[in-house]
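Trainee:
Protein chains: 2
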Amino acid sequence: MTARTRPFNFSAGPAMLPEEVLREAAAEMLDWHGSGMGVMEMSHRGREFIEIYETAERNLRALLAVPPEFRILFMQGGGLGENAIVPMNLSRGGLVDVIVTGAWSKKSLGEAGRYANACAAASNEASGFTTLPAPASWELREGASYLHLCSNETIHGVEFQTLPDLAALGSSAPLVVDCSSHVLSRSIDWSRVGLAFAGAQKNIGPAGLTIVFVREDLLGHALPICPTAFDYTVVAEHGSMFNTPPTYGIYIAGLVFQHVLRQGGVAEMERRAIERSQLLYRYLDDNGGFYRNPVAADARSRMNVPFFLADASHNEAFLAGAREAGLLQLKGHKSVGGMRASLYNAMPLAGVQTLVEYMKDFVRRHG
Amino acid sequence: MTARTRPFNFSAGPAMLPEEVLREAAAEMLDWHGSGMGVMEMSHRGREFIEIYETAERNLRALLAVPPEFRILFMQGGGLGENAIVPMNLSRGGLVDVIVTGAWSKKSLGEAGRYANACAAASNEASGFTTLPAPASWELREGASYLHLCSNETIHGVEFQTLPDLAALGSSAPLVVDCSSHVLSRSIDWSRVGLAFAGAQKNIGPAGLTIVFVREDLLGHALPICPTAFDYTVVAEHGSMFNTPPTYGIYIAGLVFQHVLRQGGVAEMERRAIERSQLLYRYLDDNGGFYRNPVAADARSRMNVPFFLADASHNEAFLAGAREAGLLQLKGHKSVGGMRASLYNAMPLAGVQTLVEYMKDFVRRHG
Chain A
1 MTARTRPFNF SAGPAMLPEE VLREAAAEML DWHGSGMGVM EMSHRGREFI EIYETAERNL
61 RALLAVPPEF RILFMQGGGL GENAIVPMNL SRGGLVDVIV TGAWSKKSLG EAGRYANACA
121 AASNEASGFT TLPAPASWEL REGASYLHLC SNETIHGVEF QTLPDLAALG SSAPLVVDCS
181 SHVLSRSIDW SRVGLAFAGA QKNIGPAGLT IVFVREDLLG HALPICPTAF DYTVVAEHGS
241 MFNTPPTYGI YIAGLVFQHV LRQGGVAEME RRAIERSQLL YRYLDDNGGF YRNPVAADAR
301 SRMNVPFFLA DASHNEAFLA GAREAGLLQL KGHKSVGGMR ASLYNAMPLA GVQTLVEYMK
361 DFVRRHG
Chain B
1 MTARTRPFNF SAGPAMLPEE VLREAAAEML DWHGSGMGVM EMSHRGREFI EIYETAERNL
61 RALLAVPPEF RILFMQGGGL GENAIVPMNL SRGGLVDVIV TGAWSKKSLG EAGRYANACA
121 AASNEASGFT TLPAPASWEL REGASYLHLC SNETIHGVEF QTLPDLAALG SSAPLVVDCS
181 SHVLSRSIDW SRVGLAFAGA QKNIGPAGLT IVFVREDLLG HALPICPTAF DYTVVAEHGS
241 MFNTPPTYGI YIAGLVFQHV LRQGGVAEME RRAIERSQLL YRYLDDNGGF YRNPVAADAR
301 SRMNVPFFLA DASHNEAFLA GAREAGLLQL KGHKSVGGMR ASLYNAMPLA GVQTLVEYMK
361 DFVRRHG
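Protein sequences appear in the order of chains A and B. Counted from 1, the first sequence has number 86 at position 86 by UniProt numbering; the numbering is strictly sequential. Counted from 1, the second sequence has number 161 at position 161 by UniProt numbering; the numbering is strictly sequential.
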């Protein structure tokens with residue numbers, strides 16, 4: 001473990017960024033590549049920003065092997081915005097099926113119901129969102145405009161290890177995937193996807209940027225009440241420049257994409273995500289009952305690891321000691337309590353090693 | 001004029017930022033105030049970001065003397081987003097009157113028509129958007145849900161020098177003001193306003209942040225199809241944290257607010273805006289016909305000054321020479337052609353002095 005001055009930041013999002021990216025952004029703040037302008041000051045239609053934009057899109061496409069029939073849109077409004085924007089664009093006012101696996105997909109179901117006949121095709125709520133409902137049990141409605149699932153639930157810490165093959169389940173509905181909190185940590189099987197979206201503030205970069213991958217054949221069916229600025233077809237036709245895009249966020253995302261490419265791409269990110277999360281889960285399962293993670297082994301997220309102290313009266317001491325040890329933002333989401341360690345791409349293995357050592361030490365002092 | 005290494009950037013937005021703000025942001029990129037985190041990496045619910053947010057809001061309220069009955073919302077989607085978000089929140093599906101004074105208000109009219117019975121109460125299109133229709137001539141419909149106007153048209157360079165008193169015109173409709181491109185360059189008479197909105201990327205800071213000022217009595221009437229993330233009432237109830245807000249944009253805006261306060265506030269910004277724009281208009285009116293600005297004197301914008309070379313064949317040479325002289329992004333909007341100098345708060349007087357000197361020199365070489 002090398003000497004380190006920055007703390008490890010386990011925030012669920014906005015979240016830790018690679019130090020190299022932050023240093024690059026700081027160095028270029030007043031002058032991007034000799035242009036005499038900082039990126040925040042550039043017209044989005046100038047050649048400098050167009051170069052930044054096109055490079056970011058190209059690198060993202062390469063990182064995730066996005067096929068040419070998918071358009072990549074850089075939008076605003078985050079995941080909660082997309083909960084309305086997706087049904088306004090894809091539902092045609094018809095049937096929308098949703099797999100409810102945690103807080104995020106539950107919100108998606110609620111919002112879709114304002115634009116379409118939305119229904120839970122499966123839910124693991126009875127398990128306290130600690131399992132994933134088996135695809136064979138999903139009740140898929142014929143003629144559904146799409147099926148929505150959240151492939152990684154940030155709050156409950158459950159993650160799909162593979163995307164379902166809806167055709168094999170007898171459905172012709174396109175699959176819509178909210179992959180906000182694990183995008184770029186694993187590959188995506190695009191043959192099973194119609195649309196995927198991701199708020200950038202978890203695994204990519206700054207809050208306020210949403211990335212949408214949409215198969216071209218799904219364009220062209222927005223409801224009349226869809227705001228023009230959020231009509232995928234309009235956004236795609238204008239190369240994400242119908243509206244002034246969140247230019248600085250796109251720039252930072254672009255720096256992250258370059259950083260990930262230099263590190264070895266998504267395959268290397270996945271290897272590291274497995275390594276980091278296994279280290280933590282192994283300790284959570286084998287610490288004598290002081291800490292526990294309630295999620296079923298095959299549903300555990302590599303990105304967001306909620307855990308609970310058996311004696312919740314230690315929570316405040318745990319968090320205060322963690323802060324002193326340079327381990328930040330470990331407090332669990334208010335709806336579930338306890339702790340949560342978010343292990344996004346920017347988290348070094350040393351961060352998890354330090355966390356586990358701190359947890360062991362805390363047991364010695366309070367167990 | 002002091003020695004200067006940065007060029008002067010006349011972009012209409014995203015636009016020049018105060019150098020002091022950029023230096024501050026660069027210095028804090030990896031560690032905000034000893035927190036061990038950069039602002040981009042902070043949870044929006046942590047005490048560090050809450051402090052940044054509350055300070056920004058408080059300073060903005062002070063700068064514009066925003067009365068307590070107005071809520072300030074930090075949103076996403078820009079001005080084009082607001083063109084839909086405003087009618088979804090305020091129109092109740094009824095009548096919306098729009099004063100059409102340029103490209104922006106014309107777009108607002110078009111988008112409002114998708115949610116309400118929207119109609120131009122006045123238009124200066126016949127003048128080529130070079131005048132402002134006199135309020136006495138406006139055809140205000142009884143029972144209108146609101147009247148929309150764009151108080152500064154970025155593309156056509158026309159600006160309302162005072163906001164209309166709708167009550168004195170016999171209307172009880174609330175006034176909605178799109179003040180995106182001159183916010184913070186002059187005071188706002190809130191007694192005449194129901195709602196004002198501003199995309200931040202012109203006079204405040206980074207693209208991707210929209211600030212909405214809404215009088216509380218106008219909340220609570222969103223159409224059922226309004227996305228929850230864009231429902232002003234929901235956003236207000238959650239202190240702009242229903243959705244993850246564009247945290248870094250809010251931080252930069254906050255640095256700009258502090259900078260403006262240190263410079264002497266909005267009154268000083270207005271004094272400088274008058275000084276800068278008068279210098280340029282004076283030369284445009286008195287250069288022997290080489291350059292001209294077509295806007296009527298009482299409608300001229302202090303922020304955006306479009307101008308045209310009598311001989312358009314000189315345009316490319318003018319722009320190339322300007323770039324060499326460190327005068328960037330002077331090309332006019334593609335819909336009107338020619339040139340445009342945007343003189344936002346961050347533009348020093350020296351920038352306009354240098355521009356006028358360059359323009360004079362260009363006449364000597366090409367006149």
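Yeah, the Cβ is synthetic: ideal placement off N, Cα and C, and Gly gets one too.
Per DSSP, what kind of secondary structure is Leu73 (chain A) in: helix, strand or coil?
Mentor: The count along the first sequence starts at 1 and reaches residue 73 (chain A) at position 73. Strand.
Trainee: So is Ile72 (chain A) in contact with chain B if we call contact Cβ pairs under 8 Å?
Mentor: Numbered from 1 along the first sequence, position 72 holds the residue referred to as residue 72 (chain A). Not one chain B Cβ lies under 8 Å of Ile72 (chain A).
Trainee: In or out: His44 (chain A) buried (at least 16 other Cβ within 10 Å) or exposed?
Mentor: Within the first sequence, residue 44 (chain A) is the residue found at index 44, counting from 1. Buried, since its Cβ has 16 or more Cβ neighbours within 10 Å.
Trainee: When DSSP labels each residue in this structure, what does Lys106 (chain B) get in the three-state scheme?
Mentor: Locating residue 106 (chain B) in the second sequence gives position 106, where the first residue counts as 1. Lys106 (chain B): helix per DSSP, three-state reduction.
Trainee: Give me the Cα-Cα distance between His156 (chain B) and Thr130 (chain B), rounded to the nearest whole angstrom.
Mentor: For the purposes of this step, residue 156 (chain B) is identified with residue 156 of the second sequence, where counting begins at 1. For the purposes of this step, residue 130 (chain B) is identified with residue 130 of the second sequence, where counting begins at 1. Whole-angstrom Cα-Cα distance: 7 Å.
Trainee: Where are the alpha helix (DSSP H) runs, 4 residues long or more, that stay fully inside the region 234-258 of chain A, in chain order?
Mentor: Runs found: none.
Trainee: Please list the residues of the region 221-247 of chain B that have a C-beta atom closer than 9 Å to any C-beta atom in chain D, keeping them in chain order.
Mentor: Given the protein chain composition of this structure (A and B), no chain D is represented.
Trainee: On a CA-only basis, which of A:Gln258, A:Ile204, A:Ile72 and A:Pro174 is nearest Val212 (chain A)? Give me that one, please.
Mentor: Within the first sequence, numbered from 1, the residue matching residue 212 (chain A) stands at position 212. It is A:Ile72 whose Cα lies nearest to the Cα of Val212 (chain A).
Trainee: Rounded to the nearest angstrom, how far is the Cβ of Asn243 (chain B) from that of Gly81 (chain A), given a contact under 8 Å?
Mentor: Numbered from 1 along the second sequence, position 243 holds the residue referred to as residue 243 (chain B). Numbered from 1 along the first sequence, position 81 holds the residue referred to as residue 81 (chain A). Yes, Asn243 (chain B) and Gly81 (chain A) are in contact; Cβ-Cβ is about 6 Å, under 8 Å.
Trainee: Hey, is Leu355 (chain A)'s beta-carbon within less than 8 Å of any beta-carbon in chain B?
Mentor: The sequence position of residue 355 (chain A) within the first sequence is 355, counting from 1. False, the Cβ-Cβ gap to chain B never drops below 8 Å.
Trainee: Can you tell me where the alpha helix (DSSP H) with Gly81 (chain B) in it begins and where it stops?
Mentor: Residue numbering aside, residue 81 (chain B) sits at position 81 when the second sequence is read from its first letter. Taken as a continuous stretch (DSSP letters only), the alpha helix (DSSP H) holding Gly81 (chain B) covers Gly78 to Leu90.
Trainee: Count the C-beta pairs between the region 179-191 of chain B and the region 300-310 of chain B that are closer than 8 Å, then say yes if the count reaches three, no if not.
Mentor: With the cut-off at 8 Å, the region 179-191 of chain B and the region 300-310 of chain B touch.
Trainee: Applying a beta-carbon distance threshold of less than 8 Å, which residues of chain B neighbour Asn152 (chain A)?
Mentor: Reading the first sequence from its first residue, position 152 is the one you call residue 152 (chain A). Result: empty, since nearest Cβ-Cβ is about 16 Å, beyond 8 Å.
Trainee: Let's see if you can read the secondary structure: which residues bound the beta strand (DSSP E) around Gln99 (chain A)?
Mentor: Here residue 99 (chain A) is taken as the residue at index 99 of the first sequence, counted from 1. It is worth fixing the name first, because residue 99 (chain A) is Ile in this sequence and not Gln. Residues Leu95 to Val100.
Trainee: Within the 8 Å Cβ cut-off, does Met29 (chain A) reach chain B?
Mentor: Counting from 1 along the first sequence, the entry for residue 29 (chain A) is found at position 29. Yes, its Cβ sits closer than 8 Å to a Cβ of chain B.
Trainee: Between the C-alpha atoms of Gln161 (chain B) and Pro227 (chain A), what's the straight-line distance to the nearest angstrom?
Mentor: Position 161 of the second sequence, counted from the first residue, corresponds to residue 161 (chain B). Position 227 of the first sequence, counted from the first residue, corresponds to residue 227 (chain A). Taking the straight line joining both Cα atoms gives about 31 Å.
Trainee: What number of angstroms, rounded off, separates the C-alpha of Leu63 (chain A) from the C-alpha of Ser342 (chain A)?
Mentor: Residue mapping note: residue 63 (chain A) aligns to position 63 of the first sequence, counting from 1. Residue mapping note: residue 342 (chain A) aligns to position 342 of the first sequence, counting from 1. Between Leu63 (chain A) and Ser342 (chain A), the C-alpha separation is close to 22 Å.
Trainee: Using DSSP's beta-bridge definition, name the partner residues of Val212 (chain B).
Mentor: The residue labelled residue 212 (chain B) in the question sits at position 212 within the second sequence. DSSP lists B:Leu73 and B:Phe197 as partners of Val212 (chain B).
Trainee: In chain A, what lies closer than 9 Å to residue 375 (chain B) by C-beta?
Mentor: Examination of residue 375 (chain B) is not possible in this model, given that chain B is present from 1 through 367 alone.
Trainee: Can you name the start and end residues of the alpha helix (DSSP H) that His221 (chain B) belongs to?
Mentor: Taking the first residue of the second sequence as 1, we reach residue 221 (chain B) at position 221. Note, His221 (chain B): premise wrong, no alpha helix (DSSP H); not H, not E.
Trainee: So is Arg271 (chain B) buried or exposed if we call it buried at 16+ other beta carbons inside 10 Å?
Mentor: As a position in the second sequence, residue 271 (chain B) is number 271, starting the count at 1. Under this definition Arg271 (chain B) is an exposed residue.
Trainee: So, for Ala296 (chain B): in the same chain, excluding its five sequence neighbours on each side, which residues have a beta-carbon less than 7 Å away from its beta-carbon?
Mentor: As a first step, residue 296 (chain B) is located in the second sequence; it is residue number 296 there, counting from the start. Hits under 7 Å: Thr130 and Thr131.
Trainee: Between which two residues does the alpha helix (DSSP H) containing Asp298 (chain A) stretch?
Mentor: One-based indexing of the first sequence puts residue 298 (chain A) at position 298. Segment: none, Asp298 (chain A) is in no alpha helix (DSSP H) and carries neither H nor E.
Trainee: Quick one: what's got a C-beta closer than 7 Å to Ala118 (chain A)'s C-beta in the same chain, skipping five residues either side?
Mentor: On the first sequence, residue 118 (chain A) is found 118 positions in, with the first residue counted as 1. Taken in chain order, the residues that qualify are Val96, Val98, Leu109 and Ala112.
Trainee: Taking only runs of the beta strand (DSSP E) that begin and end inside the region 310-366 of chain A, which ones reach a length of at least 3 residues, in chain order?
Mentor: 339-342
Trainee: Taking Cβ to Cβ, would you say Leu140 (chain B) is nearer than 8 Å to Leu149 (chain B)?
Mentor: In the second sequence, the residue the question calls residue 140 (chain B) occupies position 140. In the second sequence, the residue the question calls residue 149 (chain B) occupies position 149. For Leu140 (chain B) and Leu149 (chain B), no; Cβs fall outside 8 Å.
Trainee: Contact defined as beta carbons within less than 8 Å: I believe Phe74 (chain A) pairs with Pro245 (chain A). What is the distance between those atoms, to the nearest angstrom?
Mentor: Taking the first residue of the first sequence as position 1, residue 74 (chain A) is located at position 74. Taking the first residue of the first sequence as position 1, residue 245 (chain A) is located at position 245. Contact holds; Cβ gap of about 5 Å.
Trainee: Compute the Euclidean distance between the alpha carbons of Val352 (chain A) and Arg47 (chain B), then round it to the nearest angstrom.
Mentor: Here residue 352 (chain A) refers to the residue found at position 352 of the first sequence. Here residue 47 (chain B) refers to the residue found at position 47 of the second sequence. Their backbone Cα atoms lie some 24 Å apart in a straight line.
Trainee: Under 8 Å, Cβ to Cβ, is there at least one residue of chain A near Met16 (chain B)?
Mentor: Stepping through the second sequence from its first residue, residue 16 (chain B) is reached at position 16. For Met16 (chain B), the answer is yes, since a Cβ of chain A falls inside 8 Å of its Cβ.
Trainee: For His314 (chain B), go through chain A and note every residue whose CB falls closer than 8 Å to its CB, in chain order.
Mentor: Working through the second sequence from its first residue, we reach residue 314 (chain B) at position 314. Those within 8 Å of His314 (chain B) in chain A number zero; the least Cβ separation is about 21 Å.
Trainee: Quick one, which residues of the region 185-202 of chain B are near chain A if we go by CB-CB under 8 Å, in chain order?
Mentor: Within the region 185-202 of chain B, the residues whose Cβ lies closer than 8 Å to some Cβ of chain A are Gly199 and Gln201, listed in chain order.
Trainee: Answer with yes or no whether the minimum CB distance from Leu328 (chain A) to chain B is below 8 Å.
Mentor: Stepping through the first sequence from its first residue, residue 328 (chain A) is reached at position 328. Answer yes: the Cβ-Cβ gap between Leu328 (chain A) and chain B drops below 8 Å somewhere.
Trainee: Is there contact between the region 163-182 of chain A and the region 313-323 of chain A, where contact requires at least three CB pairs shorter than 8 Å?
Mentor: Contact between the region 163-182 of chain A and the region 313-323 of chain A is absent, because fewer than three Cβ pairs lie under 8 Å.
Trainee: When the Cβ atoms of the region 348-367 of chain A are set against those of the region 16-27 of chain B, are three or more pairs found closer than 8 Å?
Mentor: no
Trainee: Taking Glu275 (chain B) as the reference, which of B:Ser137, B:Leu163 and B:Tyr344 has the closest Cα?
Mentor: Start at 1 with the first residue of the second sequence, and residue 275 (chain B) comes out as number 275. Glu275 (chain B) has its Cα closest to that of B:Tyr344, out of B:Ser137, B:Leu163 and B:Tyr344.
Trainee: Quick one: which residues of the region 255-282 of chain B get their C-beta closer than 8 Å to a C-beta of chain A? List them in chain order.
Mentor: Correct list: empty, as no residue qualifies.
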